[in-house]
Amino acid sequence: MTSKILTGATGVLVLADGTVLSGLGAGATGSALGEVVFNTAMTGYQEILTDPSYMSQILAFTFPHVGNVGVNSEDVEQVADVAGKAAVGAVFRDLPTDPANWRSGGDFDAWLKSRNTVALAGVDTRALTQLIRDKGAPHAVIAHDPEGNFDLDALVAKAKAWTGLVGLDLAKEATTLQAFEWDEGVWEWPAGYPKVEATDKHVVVIDYGVKRNILRALASTGCKITVVPADTKAEDVLARNPDGIVLSNGPGDPAATGVYAVPEIQKLVASGKPIMGICLGHQMLAIALGAKTIKMDQGHHGANHPVKDLTTGKVEIVSMNHGFAVDQASLPDGVVETHVSLFDGTNCGIALTGKPVFSVQHHPEASPGPTDSLYLFGRFADSMRG
Numbered sequence: 161m162t163s164k165i166l167t168g169a170t171g172v173l174v175l176a177d178g179t180v181l182s183g184l185g186a187g188a189t190g191s192a193l194g195e196v197v198f199n200t201a202m203t204g205y206q207e208i209l210t211d212p213s214y215m216s217q218i219l220a221f222t223f224p225h226v227g228n229v230g231v232n233s234e235d236v237e238q239v240a241d242v243a244g245k246a247a248v249g250a251v252f253r254d255l256p257t258d259p260a261n262w263r264s265g266g267d268f269d270a271w272l273k274s275r276n277t278v279a280l281a282g283v284d285t286r287a288l289t290q291l292i293r294d295k296g297a298p299h300a301v302i303a304h305d306p307e308g309n310f311d312l313d314a315l316v317a318k319a320k321a322w323t324g325l326v327g328l329d330l331a332k333e334a335t336t337l338q339a340f341e342w343d344e345g346v347w348e349w350p351a352g353y354p355k356v357e358a359t360d361k362h363v364v365v366i367d368y369g370v371k372r373n374i375l376r377a378l379a380s381t382g383c384k385i386t387v388v389p390a391d392t393k394a395e396d397v398l399a400r401n402p403d404g405i406v407l408s409n410g411p412g413d414p415a416a417t418g419v420y421a422v423p424e425i426q427k428l429v430a431s432g433k434p435i436m437g438i439c440l441g442h443q444m445l446a447i448a449l450g451a452k453t454i455k456m457d458q459g460h461h462g463a464n465h466p467v468k469d470l471t472t473g474k475v476e477i478v479s480m481n482h483g484f485a486v487d488q489a490s491l492p493d494g495v496v497e498t499h500v501s502l503f504d505g506t507n508c509g510i511a512l513t514g515k516p517v518f519s520v521q522h523h524p525e526a527s528p529g530p531t532d533s534l535y536l537f538g539r540f541a542d543s544m545r546g
């Protein structure tokens, strides 16, 4: 790590402690501010970069070859593919190459530009990963200027001044603005995403930054899916007469979003309806049941995380993306821990004794994969069909 810019550099990542990584700029020109995290997935970069849970974060890929299979219209995880509603920046070891894949519908670099995502390539991502592991996820500014003109002092000051994700409610920016129906199922070879006809049950998904594949997985269980905004009142959710309720993933601090979401979640729990929470939804359900959340030093981001299901003893490899966690010591009586991370022992799932209410920290919809935890959507559907 250094505080100097390499000759010919057109991109930089400037950390709040003054560390500078320089290389070749890619994607959009300009600068972006955020928390730097690393993702260990080897595939699925388009799904990762469009996951709303990465809002206000700069994503460093540990896998060196990113962008080589191009982009397509199917591998977007945002419900509304809008610039600024996911990762603000990306860091790669190698400069993205021309696309070479039968599904490719466009160039990765041009796609990054279209999304206003600032990128940096040609840096030592292993060293950056080690720094994050040792010191935690830093605040930083990523910048791209084809002329190579960077005011490092100003960029350091900007990174230092940022208050970070703690206390930041981003779900209000990631959520849909109005309710809508969803009828697209999980991807199938060779047709793609099929239309699914609902059979018996109705699920209302509260959108804190939901991923498309969560909705697809739910629809594939045969349920009717209605998505509502993050600030929807419990009375309005229950007025739709749902058979079950899903609290979605999303970005930011669960305690901040919980200021308005937790009282409504408590009412939904009291209704007796089956409830499933995922990621941010898991964290806010835990708060609603009396637990607390904590900020993690580096978080969990990747598609190769081992999690143990304590109810079955099964170990699953799962997809994860979170920087906050439920504090296990704060779980109250009547709330059972159901899943734990085998990396660091942190909480990855809870269930409420005596009610069909459960949640997981990881992403059972797994886009990108693996699909070891996809059964959880079936478990939720079974709880509705009772």
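Heads up, the sequence shown is in the working numbering, so the first residue is 161 and it goes up one at a time. We put the CB at the ideal spot given by N, CA and C, even for glycine.
By the Cβ neighbour-count rule, proline 434 is buried, with 16 or more other Cβ atoms within 10 Å of its own.
Considering only Glu341, Trp271, Asn373 and Asp177, the residue with the shortest C-alpha distance to alanine 186 is Trp271. Between the segment 366-379 and the segment 406-421, the count of Cβ pairs shorter than 8 Å is three or higher; the stretches touch. When DSSP assignments are scanned along the segment 297-341, the uninterrupted stretches of alpha helix (DSSP H) that are 4 or more residues long and fall wholly within it turn out to be 312-321 and 331-334. Between proline 350 and methionine 202, the alpha-carbon positions lie close to 23 Å from each other. One Cα belongs to alanine 446, the other to aspartate 311, and the distance between them is close to 44 Å. For glutamine 290, the secondary structure class from DSSP, reduced to helix, strand or coil, is helix. Alanine 169 and proline 256 have their C-alpha atoms spaced approximately 16 Å apart.
By alpha-carbon distance to glycine 266, the top candidate from Pro524, Leu280, Ala281 and Asn232 is Asn232. About 26 Å separates the Cβ atoms of alanine 463 and glycine 171, ruling out a contact at the 8 Å cut-off.
With fewer than three CB-CB distances shorter than 8 Å, the segment 334-343 does not count as touching the segment 473-491.
With a cutoff of 8 Å on beta-carbon distance, threonine 210 and aspartate 241 are scored as near each other. DSSP places glutamate 234 in the coil class of the three-state scheme, outside both helix and strand. DSSP places glutamine 217 within a strand segment (E or B) once states are collapsed to three. In summary, valine 419 is exposed, with fewer than 16 beta-carbon neighbours lying within 10 Å of its beta-carbon over all protein chains present. Inter-residue distance for glutamine 458 and threonine 359 is about 42 Å (C-alpha atoms, whole angstroms).
When DSSP reads this structure, lysine 355 sits in a beta bridge with Glu344.
The DSSP-derived three-state label of threonine 386 is strand. When the alpha-carbon of aspartate 269 is set against those of Val248, Lys295, Gly230 and Val236, the nearest one is in Gly230. Annotation: the continuous beta strand (DSSP E) that includes isoleucine 405 extends over 404-407. Contact between valine 346 and arginine 376 is confirmed by a C-beta separation of about 5 Å, below the 8 Å threshold.
The beta carbons of serine 527 and methionine 436 sit no closer together than 8 Å.
One alpha carbon belongs to aspartate 313, the other to threonine 179, and they sit about 11 Å apart. Take the alpha-carbon of threonine 289 and the one of leucine 173: they are about 13 Å apart. The Cβ-Cβ distance between lysine 361 and arginine 545 falls below 8 Å.
Alanine 220 sits close to valine 251, with the two beta carbons spaced by under 8 Å. Here alanine 192 really is in contact with valine 248; their C-beta atoms are around 4 Å apart, less than 8 Å. Along the segment 426-465, the alpha helix (DSSP H) occurs as fully enclosed runs of 4 or more residues at 440-448, listed in sequence order. Take the alpha-carbon of glutamate 497 and the one of threonine 506: they are about 10 Å apart. Nearest neighbour of glutamate 341 by Cα position, chosen from Ala541, Val239, Arg253 and Glu525, turns out to be Val239. Taking the C-beta atoms as reference points, alanine 416 is found nearer than 8 Å to aspartate 329.
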